[in-house]
Each structure stands twice: as structure tokens, then as C-alpha cells.
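Protein chains in written order, with full-length UniProt numbering: chain Z, 1 to 618; chain Y, 1 to 416.
Where a beta carbon is used, it is the ideal one built from N, C-alpha and C, also for glycine.
Step one of this worksheet: look at the structure below.
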Amino acid sequence: MDHPLLMKLASLSVISQCKLQSILALCGDKKDLIIDTSLIKPLERICGVSWLRQHGIDKIYKMDPQLSTTANVNRVYFIPACIQKYRCILDQISSMLSLNSSLADLKCFHIIITPKVLNSYESILESRGLYDIVKLHSFAWELMALDEQLLSLELPFLYKQLFVEQNQSLLSSVAMSLWSLFHVTGKPNAMFSVGKLSASVLDMLEVYNETYNRDSFGSNANYEIGALILIDRNQDYPASLLTPATYSGLLSEIFDINCGHLDLNVKETKYKKGKLDFGLEEKKAVEKNTVMTLDSSIDNLYGEIKHRHFSEVLSVLSSKAKLLKNEDIKALGIQEMKHYVATKLQQVTIYKQNLVNHVLACETIISEMRNKFENLMSTENDMLNNRNKKSNFNFVDEYFGTNIHIYNSLRLMCLLSLTQGLSYEEYNTLVSKYLLAFGYKFLYVFNNLVNAGLLIQPSSVKLSLNISTLGNLSDRLPKWQSGFQATANKLKQLPSQPEKNVLLKLSALNDFKIGGSIAGILKDGMETLNEKLSNMKLQSDLEFGCKDAKSLAKVVKSDPNFGKVFPIKPKSILVYVVGGVNYAEIAACDVIQKTTGSKIYIASDCVMNGGDLIFANT
Amino acid sequence: MDEDDYWNSSETKSQAFSFDDDVLSPQEILAIGQKPSSGHKDDNIFASASVSSTKTLLPLHSLISPKVLNLILLAQSGKDLTKEVKVDSEQTVAVTLKRLVLGRRCSLHVHRSLKCKTELLDGAIAIGDGNAILTVVLFLIQTLNKKLVYELLSSRTVALNHYISFLQNEGKITELTDLLTMLGRSPEAAMYQFQHCVKSQGSNVDGLLRKLTNLMANHLNQPGGDTHHAKMVADYVKLLEWQKFANKQELFNRSALYCLAYCCSHHWSDTAGNMMSPMTVCQRQQIPPLQYDWVVLNVHAKSEKWDIVETLFTKKDWLGRTTVSSHIPIETLLARLSELQASKRLMATCVNKITSAEDRLRLAQMYKIEPVVIETLAKQKDRIALTNYKMTLSPQSEVFILAENTLRDTSIKWKN
């Protein structure tokens with residue numbers, strides 16, 4: 001059991017494989033797999049085609065409502081827990097049964113739902129008269145190691161459910177993923193939660209622990225993670241809304257990244273796709289693009305540049321290219337040449353490929369962002385520091401009037417709303433412009449953004465004067481400081497004296513302060529860790545760190561002896577963001593782990609940026 | 001240096017995307033790395049090389065013991081541990097809740113008293129498992145009358161949200177509206193109806209018109225509704241009516257700006273007052289001048305009708321000079337013109353509009369509008385800067401000669 005932790009984390013897919021195997025074993029001997037396209041990439045991380053064949057899968061089809069006959073009678077559908085997709089399959093099965101009622105007795109229909117089958121799904125099955133004809137299976141795959149120290153459940157629909165619809169039906173999957181993980185890593189001594197959902201996750205984790213493992217953790221008790229910090233995405237939206245400045249952050253702004261695989265589409269970038277459609281562009285056929293795997297253990301060049309400020313990246317790539325150029329193969333003798341071909345040639349070829357791909361990605365980033373980047377950065381900076389409110393609004397207003405982008409424009413509006421606030425008139429001006437550009441049908445999106453807490457809807461002055469009594473008049477007066485600013489100041493996230501701030505000097509990471517609450521909280525945590533301060537101090541820091549006194553850091557019952565928690569040992573922390581982590585935060589954690597000499601592992605249900613958050617609200 | 005000063009200083013700004021001289025250009029790096037080549041292309045449903053097969057993984061037994069694996073599989077399936085069946089047979093609220101959270105089969109129907117039902121609901125909310133919460137809410141709906149359920153939900157936001165989400169997903173909009181109206185949240189109900197309506201009608205203009213008109217009458221124009229929402233939906237209806245008139249399939253349920261762009265390219269010369277004239281759409285939908293200018297610029301520039309662009313965005317002043325007049329702020333306009341590959345002349349006219357010599361110089365240099373750079377430097381009487389600039393121009397080109405002549409101009413009193 002002495003394998004390095006990174007190795008173990010990368011091997012979690014072996015457990016996922018066993019889980020899938022146990023399900024497939026229940027689905028008959030020879031069967032067809034009908035898979036929802038969104039699950040192909042994640043499934044590739046768990047098993048390959050040959051493995052599926054070994055476990056009875058004969059043919060594989062993409063899910064399609066029109067799909068008619070397949071090779072085998074036994075059908076195994078594989079979909080995410082999405083009610084529309086589920087219904088679509090039930091429709092398909094019903095129509096098959098109406099053509100051939102004898103199928104009903106064969107028990108040949110199976111639906112694998114990831115991450116779990118909800119009770120309402122069983123009810124729907126029953127109400128459709130398909131109970132016992134169709135069998136439902138939960139498949140809760142393990143966290144996937146996308147990169148070194150980066151784990152993800154790759155359930156991109158979770159944010160929408162949890163925060164936009166405020167439906168926590170799949171929240172237990174987060175608890176389940178942690179529960180499994182701790183069997184491999186050992187259970188951390190200290191567990192903190194920031195936010196309501198995170199607190200619930202810890203409660204559910206407790207239920208699993210009580211039920212299943214009164215003794216099973218004991219066996220491999222080399223605890224490899226000292227503490228767990230769980231945090232709800234809505235505790236720090238600005239960190240996601242800001243434009244990142246790191247290489248990996250910008251990659252996610254421009255390219256589609258799915259399950260750690262980047263689609264190097266240099267023509268149709270995410271920026272271009274979100275722009276106004278004037279009906280003039282011809283629709284191009286979908287091309288197959290180069291796929292880059294964003295995993296430092298496969299591509300160590302990526303590992304060197306991923307967290308760097310973008311302005312440094314091309315010079316790093318250039319120096320690597322020079323090294324390659326200087327490697328003179330002609331000077332080698334025959335034996336040396338043989339050795340080179342046998343051992344290094346393939347490596348060098350792959351390395352060159354990666355180099356080329358990164359340069360192409362950089363070029364695309366530059367050409368897409370050249371004109372906007374600096375103005376955007378300085379405006380965002382002003383928003384964070386609560387400066388130049390009027391000109392910030394004008395910037396956003398002009399953006400909405402001209403170069404409007406379907407997701408990024410809203411993202412900037414949300415950032416302004418959360419940091420400096422919008423008046424009733426300003427709010428409506430932006431809403432009107434957006435609806436003119438993309439269609440009035442998007443009116444509901446603003447409602448969703450408000451529900452998700454990304455946008456604050458101002459009440460009209462007229463209305464508020466009617467309602468307000470003298471008592472709460474002060475609440476309605478414009479505040480010079482938003483909730484965000486108050487939090488940020490308490491956590492000292494906006495550095496006022498940079499010369500004292502080691503972190504800023506360490507890296508040109510403009511995002512660091514942006515790294516937001518998470519970084520702030522971690523920083524506090526780490527300081528405490530180093531200075532061995534009394535635990536109560538940290539506790540109160542964390543409480544202040546949360547937006548209200550409502551959401552508190554919470555030490556799990558399992559460790560009633562508070563004093564033993566600090567200093568955290570071993571010096572490694574797992575940070576789990578419920579509702580999606582972004583690359584800037586990952587980079588910020590990397591800075592912290594370097595300055596504190598610790599290890600920070602990041603986990604989440606998905607890696608997503610600000611644009612993805614807004615997309616989830618549409 | 002203060003963080004902000006750092007980012008705003010001209011040095012950092014101008015260098016943010018430029019690199020040392022010693023650094024290879026992207027093209028040079030590409031040349032070393034040779035042609036761009038793809039990692040793997042997925043011609044089949046599955047990529048040929050899956051990640052799991054390219055990495056060496058640890059065997060299962062070095063991760064977890066067989067016993068633990070069994071627990072993990074059991075937890076996923078939601079089946080009972082065999083030894084627990086008897087222990088849990090008594091159906092207390094606590095036992096039921098635990099079974100719900102673990103995803104095990106359980107019947108809620110043993111809980112018949114209102115007290116038990118309330119405890120179940122509160123217990124599920126306390127744990128925070130949405131699956132359990134919704135299961136209990138649906139059980140309450142089945143076994144209690146609506147008034148009682150609504151009463152319970154009205155003071156329990158989390159449970160209420162789960163029910164709302166459920167009704168929305170089920171498309172039970174009438175029930176959702178009843179629920180929210182009863183709770184005094186009618187404006188929200190209107191928004192859910194709106195969302196359902198646009199998502200279910202697609203681009204069926206007639207259906208949308210019918211539903212939206214109803215929505216306006218029954219909800220949005222009622223007192224207490226959001227006036228801006230009401231206006232937006234009214235504008236939506238206006239646009240749909242226009243689309244119905246235009247009767248072009250490709251315009252159905254498209255945005256106002258999309259329709260405007262269509263009119264600009266197909267009906268540019270239609271007289272004002274004509275339904276298809278761009279001005280009609282602009283006035284009808286109250287498109288702000290900035291957005292109007294932006295669409296017009298893009299549509300005509302993309303179809304290479306630069307004459308239209310020029311007549312629209314430039315005018316002669318009383319001295320006979322051409323100046324730019326547009327609602328688009330000049331820097332944005334320049335950036336866009338450059339992307340659209342406008343002529344140098346148009347760009348120069350644009351840059352000349354900028355009064356601050358410093359900004360003019362910066363932008364003229366950025367977009368390589370040499371005559372403006374030369375003229376501005378001459379106006380600043382900065383011989384050294386102009387001499388340096390001349391060196392960057394290709395010798396004997398038109399602009400190079402212009403720079404030389406300017407430097408020789410005896411009427412300029414150079415400051416250096």
C-alpha cells in the first residue's frame with residue numbers, strides 16, 4: 001500500500017471499472033450499449049472498447065431518439081441523470097413494446113444512470129407501466145484524475161441543478177465520491193464546510209460512514225490527506241466570473257474542454273461562437289480537430305506552463321523549441337543513433353507535437369483577445385476594488401451595445417452586479433440590449449441568474465419608496481460596499497500593500513487575488529497551520545470568511561477533540577468545490593502550496609469557467 | 001509599485017502580449033516542431049487510445065481490500081447489507097430517512113399521522129439530500145390535501161424549491177402557477193410560464209403569440225408585476241407580429257438585431273415607413289442608436305459595401321474635411337474596422353477624429369496608419385521621434401517619402 005498518492009488517485013478509474021462491471025453482469029450475456037454522447041469521453045477514462053467487449057457489449061450506438069433495431073435484443077442504455085433524456089428512452093422502449101409486445105417478458109431493457117437513479121425515476125417507470133420490464137441501475141463513477149492533483153466527477157449538469165434549480169437530488173453523489181475516495185486515501189482528521197450544500201455533504205458522508213464502515217477505514221490507515229475543505233460555488237462567484245490570466249484559464253475561455261481533453265478548434269472558438277449572428281456567415285461543416293490532453297503526467301510541457309501568466313508562455317515555449325533545435329542528431333554515431341531511435345525518438349516526436357499544439361493554442365488566444373484583454377482586465381480590477389463605478393458601467397454598457405457575447409457579456413454584468421451593484425435603470429438598460437441582440441426569449445435567463453445568486457435584481461425606486469418604512473430605509477440606500485467587498489476585505493484578498501504580499505511577487509498571477517475566497521480561506525488555513533495558532537482563531541476566521549454567520553465552517557462530529565486538529569497533519573489538503581472549480585482557482589492553490597510547502601489537491605464535480613456558469617443558466 | 005499602477009502603466013500594457021526580441025516567433029517555433037499534427041482522431045464512437053489504456057494504473061488490490069470493494073458496490077446499488085434487514089424492520093421516521101438517503105427501497109406509507117409526515121419532511125431537509133426531500137414532498141402530495149401541503153411548503157423554502165423544480169421538469173405549469181399564486185409569488189409564476197412557453201413552442205410564431213398575449217393579460221399586466229418584464233414581453237409580441245407579417249421562415253423567433261441585419265442586407269433601399277425597411281424595425285423595437293450603428297456597420301462591411309459604410313459614418317464639416325460620426329465609440333470602431341479590413345483611408349479618417357494627440361498617436365501606431373503617425377509627430381514638433389519612426393518604414397515607400405519630406409519641412413519649428 002505504499003504507492004504514491006498521485007498514482008493511487010490516477011488509478012481510481014479501476015474502482016469505477018469494477019462498479020461498471022458489476023452492473024453489466026446484471027444485464028444479460030450479449031448486449032448492445034446505447035450511450036448518450038455526453039458520456040463517451042468520461043467512459044473512455046474508465047474503460048476501452050475491448051474491455052466493454054470482454055464484458056458482453058456487442059455493438060455500441062450513440063443515443064438517438066430515432067434509433068430503431070439494434071443487433072441484439074438486450075439493450076443497455078447509458079445516460080446522465082437528466083429527466084428529459086430518461087423520458088426519451090422510455091418513449092423509445094414503449095414504442096418498441098407496442099410493435100412487439102413479447103419483448104416485455106424478456107427483461108431485456110436496462111438503463112444505467114449516472115451518477116444515480118432518483119426515486120422519481122422509479123415512479124415515472126411505474127406510472128408508464130414499465131416497471132419490471134425495464135431495469136434501472138445507478139452508476140456512481142469515482143472522481144477522475146484529470147491532471148496531477150486535480151480530480152473531477154465530470155458531471156457538468158450538477159451546477160445547474162444545485163444552484164439554478166436549487167434541486168439537491170444529486171448532492172449525495174458528491175458525498176458518495178468522497179466516501180469512496182477516503183477508502184483509498186484514509187479519512188482526513190479535519191473536515192470543514194463553507195456553505196449549506198457542503199454542510200449537507202458532510203452530513204450525508206456521516207450517514208454512509210455510520211452505515212457501512214464501522215471498521216473498514218482502519219485497515220489502510222496511512223492517512224494521506226490532512227484536511228478536507230468543502231466549499232459551495234456560490235460562496236465565491238467572482239472568482240469564476242473574472243477573466244483568467246493564466247494559460248490554462250485562457251485555454252478554457254477559448255476552447256471547449258471536455259473531461260480534460262481540449263478540442264483545438266482554432267477557427268470556431270468559444271469567443272466566435274458566442275458573438276452576434278447576423279445570418280451572414282456560412283455554416284461550416286464540423287471538422288475534426290486535434291485533441292490535446294491537459295494532463296501534466298502525459299504532457300509535461302503543459303505542466304510547466306499551465307499555471308503561468310499568459311504573457312510568459314510563448315517565451316517558455318520558444319526556449320523549449322530552441323533546445324530541440326540544438327539537439328543535433330547528425331553528430332551521433334550509428335550505435336548512438338540506434339539507441340536514440342529506440343529510446344528517445346518517440347518521446348521527442350510527441351514532445352514536438354505538444355509544442356506545436358501549445359503554440360497554436362497561444363496564437364489563437366492572442367488573436368481572439370488581443371484587443372480586449374487589457375481593458376477587460378483593468379475594468380474587472382476596478383470592479384473588485386470598488387473604483388470608478390460609473391466608467392465600469394459604461395464599459396459594460398458599450399460591450400452590450402457592440403461586441404456583445406452571449407455568455408461573456410452576462411458574466412461581466414453579473415460581476416459588476418455582485419461587486420458594485422447595478423441601479424434599476426442600469427440593470428434594465430443591459431437587459432434590454434441583451435434581449436435585442438439574442439432574442440426576447442432569453443428574458444427568463446435573468447430570473448435564473450438571480451435565483452442562482454449570480455445577479456442582484458435591484459428594485460425600482462418607486463416601488464421601494466412605497467414599501468419602505470423609515471426603519472429599513474438605510475437598507476435601500478445605495479451601499480458603498482457590496483457583500484463581496486466586505487468579504488474580500490475581511491479575508492484580505494485585495495492586496496493593498498503589495499510589497500508585503502509574498503504571493504504577488506512570487507508570480508505574475510493576476511488572478512491570485514481573484515483566486516477569491518477559496519484562496520483566502522486557504523491562506524488563513526495555512527497561516528494557522530504554520531504558526532500553530534490556536535484552533536479557535538481559525539474557526540472564527542473562517543466564520544468571518546463566509547458571507548453571513550449562517551454558513552459556518554464546521555468540524556465534523558467524528559473529531560470532537562478540537563485541539564488535535566491543528567496543526568494539520570500531513571500537510572496536505574483536499575479542496576472540494578461543490579458546483580465547479582475553475583483553472584484560475586487551481587492556479588491560485590498551486591501558488592499557496594508552493595509558498596507554504598504543502599500539497600493541495602483540488603476536486604470538484606466539474607471544471608468550469610464563468611462562461612459555463614452563465615450557460616447553465618440559459 | 002501598486003498592483004494597479006503596475007497593470008495600468010503604459011509599459012506593462014504595451015508589453016502584455018509582446019515578447020522579448022530573443023524569443024522565437026510562433027512561426028519559427030512551428031517550423032521547429034514541423035507540421036501541426038493531431039493526437040488522436042475519433043473516427044469511431046470511441047477514441048482508439050483511451051486514457052485508461054495509455055497510463056499505467058495500480059491494480060485494484062493496492063487501492064482497496066476486497067471487503068471494501070464489496071461495500072462500495074453495495075453502496076452504489078442501494079441494496080441492504082444482509083445482516084441489517086432485521087434490525088431496520090421497525091419503521092421509525094429516523095430509519096425511513098436513513099434508508100432514503102442510502103437509496104434503499106422503503107415504503108413511506110407507514111407514516112400516516114401529520115406529525116410523522118412533518119418530521120419526515122423536516123428530517124429530509126436537515127440532511128439536505130434532495131432525492132429524499134422530493135420523495136417526501138411527493139408522498140405528502142399523495143396523502144395530504146393540497147392546502148395542508150402548501151402550508152407545510154410555504155415555510156420550508158428548500159422543500160418548496162425542490163417541488164418547483166419537479167413541476168417545471170414535468171411540464172406541470174398550471175400546477176406550478178397555482179402553487180406560486182397561492183403563496184403570493186405571482187410574478188415568479190409568470191416567469192416560469194414564460195420560460196415554459198419559449199422552450200416548448202420553438203419557432204412557432206402563432207403559438208408564441210397566443211401564449212404570450214395570454215400571459216400578458218393574466219399576469220404581467222396585473223398590479224404588482226415588474227413593469228420592465230411587461231415591457232419586454234410586449235416588445236416580444238411586437239417583434240413576433242412583425243415576423244408574421246414578413247413571413248420569412250428564417251426570421252421566425254430570431255432576435256430583433258438578426259431581423260434588423262436581414263432588413264439591412266435585403267431591404268436597405270426600402271423607403272422609410274415600409275414594413276421591411278431597417279428604420280421601421282429599429283423604431284418598432286426601439287433599438288438604441290449604438291446597436292443600430294453596430295449592425296449596419298457589420299452587415300455592410302461584411303458584404304463589402306464600403307460606400308454605404310462611408311456615407312453613413314462620415315460627413316463633411318464646414319471646412320470640407322471628412323470626419324467620422326457614429327454612436328460607436330471611436331476606439332471600438334477602429335478595432336472593428338481593422339478586423340473587418342477597412343481601407344486605410346477610412347481608418348485614417350477615424351483616427352483623425354481623436355482630439356488627444358497622445359491617443360491618436362497610440363492608435364495610429366497600433367493600426368499602422370502611417371500618415372497619421374507622421375502628421376501627429378510633426379504637429380508635436382518631435383523630430384527625434386519622427387526620425388526613429390522613419391527608420392521603421394520600408395525605404396522609398398510612399399509613407400517613407402512622406403516622412404522624409406516632413407522632416408525637411410522648414411516651416412516646422414522642431415523642439416528637438
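Using only alpha-carbon positions, find the residue among Y:H267, Y:Q286, Y:A189 and Y:V296 that is nearest to Z:L276.
Numbered from its first residue, the first sequence carries residue 276 of chain Z at position 276. Minimum Cα distance to Z:L276 is reached at Y:V296.
Where the alpha helix (DSSP H) containing Y:L215 begins and where it ends:
Here residue 215 of chain Y is taken as the residue at index 215 of the second sequence, counted from 1. Per DSSP, Y:L215 belongs to the alpha helix (DSSP H) from V205 to L215.
So for Z:F78, helix, strand or coil by DSSP?
The residue you call residue 78 of chain Z lines up with position 78 of the first sequence. It is a strand residue.
Nearest neighbour of Z:I406, chosen from Z:F484, Z:Q347, Z:F373 and Z:K273 [CA to CA]:
Numbered from 1 along the first sequence, position 406 holds the residue referred to as residue 406 of chain Z. Here the closest residue by C-alpha is Z:K273.
Can you give the Cα-Cα distance for Y:C259 and Y:V281, rounded to whole angstroms?
Residue numbering aside, residue 259 of chain Y sits at position 259 when the second sequence is read from its first letter. Residue numbering aside, residue 281 of chain Y sits at position 281 when the second sequence is read from its first letter. C-alpha separation (whole angstroms): 8 angstroms.
Can at least three beta-carbon pairs, one atom from the region 352-363 of chain Z and one from the region 246-266 of chain Z, be found at a separation below 8 angstroms?
yes
When the Cα atoms are used, what is the spatial distance from Y:T135 to Y:G171?
On the second sequence, residue 135 of chain Y is found 135 positions in, with the first residue counted as 1. On the second sequence, residue 171 of chain Y is found 171 positions in, with the first residue counted as 1. Distance between the alpha carbons of Y:T135 and Y:G171 is about 18 angstroms.
Got a sec, what are the start and stop residues for the alpha helix (DSSP H) Z:N258 sits in?
As a first step, residue 258 of chain Z must be located in the first sequence, where it is residue number 258. Unbroken run through Z:N258 is the beta strand (DSSP E), D256 to N258; no alpha helix (DSSP H).
Could you tell me whether the Cβ of Y:D129 comes closer than 8 angstroms to any Cβ of chain Z?
Along the second sequence, read from residue 1 onward, the residue named residue 129 of chain Y stands at position 129. Interface residue, yes.
Please list the segments of the alpha helix (DSSP H) lying wholly inside the region 231-270 of chain Z, counting only runs of 4 or more residues, in order along the chain.
As far as the region 231-270 of chain Z is concerned, its whole alpha helix (DSSP H) runs of at least 4 residues are 238-241 and 247-254.
Could you tell me whether the region 53-73 of chain Z touches the region 89-102 of chain Z, where touching means 3 or more Cβ pairs closer than 8 angstroms?
Result yes; three or more Cβ-Cβ pairs closer than 8 angstroms.
Whole angstroms are fine: how far does the CA of Z:M608 sit from the CA of Z:G597?
For the purposes of this step, residue 597 of chain Z is taken as residue 597 along the first sequence, with counting starting at 1. For the purposes of this step, residue 608 of chain Z is taken as residue 608 along the first sequence, with counting starting at 1. If you take the alpha carbons of Z:G597 and Z:M608, they lie about 27 angstroms apart.
Check the Cβ of Y:D235 against every Cβ in chain Z and list those closer than 7 angstroms, keeping chain order.
For this step, residue 235 of chain Y is matched to residue 235 along the second sequence. Ordered by position in chain Z, the residues that pass the 7 angstroms Cβ test against Y:D235 are Y440.
List, in order along the chain, the chain Y residues whose C-beta lies closer than 8 angstroms to that of Z:C362?
As a position in the first sequence, residue 362 of chain Z is number 362, starting the count at 1. The answer, in chain order, is P26.
At least three beta-carbon pairs within less than 8 angstroms, the region 67-84 of chain Y to the region 97-112 of chain Y:
yes
Beta-carbon of Y:K244 versus every beta-carbon of chain Z: anything under 8 angstroms?
Numbered from its first residue, the second sequence carries residue 244 of chain Y at position 244. Not an interface residue.
Excluding the five sequence neighbours on either side, which residues of its own chain have a C-beta within less than 7 angstroms of the C-beta of Z:S219, listed in chain order?
Within the first sequence, numbered from 1, the residue matching residue 219 of chain Z stands at position 219. A caution first: Z:S219 carries a pLDDT of 48, below 50, which makes its placement in the model unreliable, though a value can still be read off. Counting only Cβ-Cβ distances below 7 angstroms, and skipping sequence neighbours, we find nothing.
Are Y:I328 and Y:L363 close, meaning C-beta to C-beta below 8 angstroms?
The residue given as residue 328 of chain Y occupies position 328 in the second sequence. The residue given as residue 363 of chain Y occupies position 363 in the second sequence. The criterion of a C-beta distance shorter than 8 angstroms is not satisfied by Y:I328 and Y:L363.
Quick check on Z:L197 - is its C-beta less than 8 angstroms from some C-beta in chain Y?
The sequence position of residue 197 of chain Z within the first sequence is 197, counting from 1. Yes, Z:L197 lies at the interface with chain Y (some Cβ there is under 8 angstroms from its Cβ).
Look up Z:L136 in the DSSP assignment and give the residues it is bridged to.
Position 136 of the first sequence, counting from 1, holds the residue named residue 136 of chain Z. According to DSSP, Z:L136 bridges with Z:I111.
Three-state secondary structure assigned by DSSP to Z:F484:
Numbered from its first residue, the first sequence carries residue 484 of chain Z at position 484. Z:F484: helix per DSSP, three-state reduction.
Where does the unbroken beta strand (DSSP E) through Z:L151 begin, and where does it stop?
For this step, residue 151 of chain Z is matched to residue 151 along the first sequence. Its beta strand (DSSP E) spans residues L150 to S152.
Please report the Cβ distance between Y:K353 and Y:T323, rounded to the nearest whole angstrom; I am assuming they are in contact, meaning their Cβ atoms lie under 8 angstroms.
Residue numbering aside, residue 353 of chain Y sits at position 353 when the second sequence is read from its first letter. Residue numbering aside, residue 323 of chain Y sits at position 323 when the second sequence is read from its first letter. That pair is a contact at about 6 angstroms.
Given this structure, state the Cα-to-Cα distance separating Y:E398 from Y:I374, to the nearest angstrom.
The residue given as residue 398 of chain Y occupies position 398 in the second sequence. The residue given as residue 374 of chain Y occupies position 374 in the second sequence. Roughly 12 angstroms separates the two Cα atoms.
How would you write the range of the alpha helix (DSSP H) that Y:I72 sits in, first residue to last?
Position 72 of the second sequence, counted from the first residue, corresponds to residue 72 of chain Y. Element bounds for Y:I72: P66 to S77.
Whose C-alpha, out of Y:T177, Y:W242, Y:L312 and Y:Q249, is nearest the C-alpha of Y:W268?
Position 268 of the second sequence, counted from the first residue, corresponds to residue 268 of chain Y. It is Y:L312 whose Cα lies nearest to the Cα of Y:W268.
Would Z:N617 pass as a contact of Z:L454 if the rule is Cβ separation under 8 angstroms?
In the first sequence, counting from the first residue as 1, residue 617 of chain Z sits at position 617. In the first sequence, counting from the first residue as 1, residue 454 of chain Z sits at position 454. Contact flag set, yes.
Are Z:A104 and Z:I57 close, meaning C-beta to C-beta below 8 angstroms?
Along the first sequence, one-based indexing puts residue 104 of chain Z at 104. Along the first sequence, one-based indexing puts residue 57 of chain Z at 57. No, the Cβ-Cβ distance between Z:A104 and Z:I57 is not below 8 angstroms.
Assuming Z:P458 contacts Z:L430 under a Cβ cut-off of 8 angstroms, what Cβ separation, rounded to an integer in Å, is found between them?
Taking the first residue of the first sequence as position 1, residue 458 of chain Z is located at position 458. Taking the first residue of the first sequence as position 1, residue 430 of chain Z is located at position 430. Actually they do not touch by this definition, with Cβ atoms about 11 angstroms apart.
Just to confirm before moving on: does the CB-CB distance between Z:F163 and Z:A452 stay below 8 angstroms?
Locating residue 163 of chain Z in the first sequence gives position 163, where the first residue counts as 1. Locating residue 452 of chain Z in the first sequence gives position 452, where the first residue counts as 1. In this structure, Z:A452 lies closer than 8 angstroms to Z:F163 by Cβ.
Check whether chain Z comes within 8 angstroms of Y:R210, counting only Cβ atoms and requiring the distance to be less than that.
In the second sequence, counting from the first residue as 1, residue 210 of chain Y sits at position 210. Chain Z contact via Cβ: absent.
CB contact flag (Z:I113, Z:S138, <8 angstroms)
If you number the first sequence from 1, residue 113 of chain Z lands on position 113. If you number the first sequence from 1, residue 138 of chain Z lands on position 138. Contact: yes.
Exposed unless 16 or more other CB atoms sit within 10 angstroms - verdict on Y:F245
Position 245 of the second sequence, counted from the start, is the residue given in the question as residue 245 of chain Y. The residue is exposed, with fewer than 16 neighbouring Cβ atoms inside 10 Å.
Excluding the 5 residues flanking Z:C82 on each side, which residues of the same chain have their C-beta closer than 7 angstroms to its C-beta?
Along the first sequence, one-based indexing puts residue 82 of chain Z at 82. Result list for Z:C82: F157, in chain order.
In chain Z, which residues lie with their C-beta within 8 angstroms of the C-beta of residue 476 of chain Y?
Residue numbering for chain Y in the displayed model covers 1 to 416; residue 476 of chain Y lies beyond these limits and cannot be assessed.
Separation of Z:L24 from Z:F78, as counted between CA atoms:
In the first sequence, residue 78 of chain Z corresponds to position 78, counting from 1. In the first sequence, residue 24 of chain Z corresponds to position 24, counting from 1. In a straight line, the C-alpha of Z:F78 is about 11 angstroms away from that of Z:L24.
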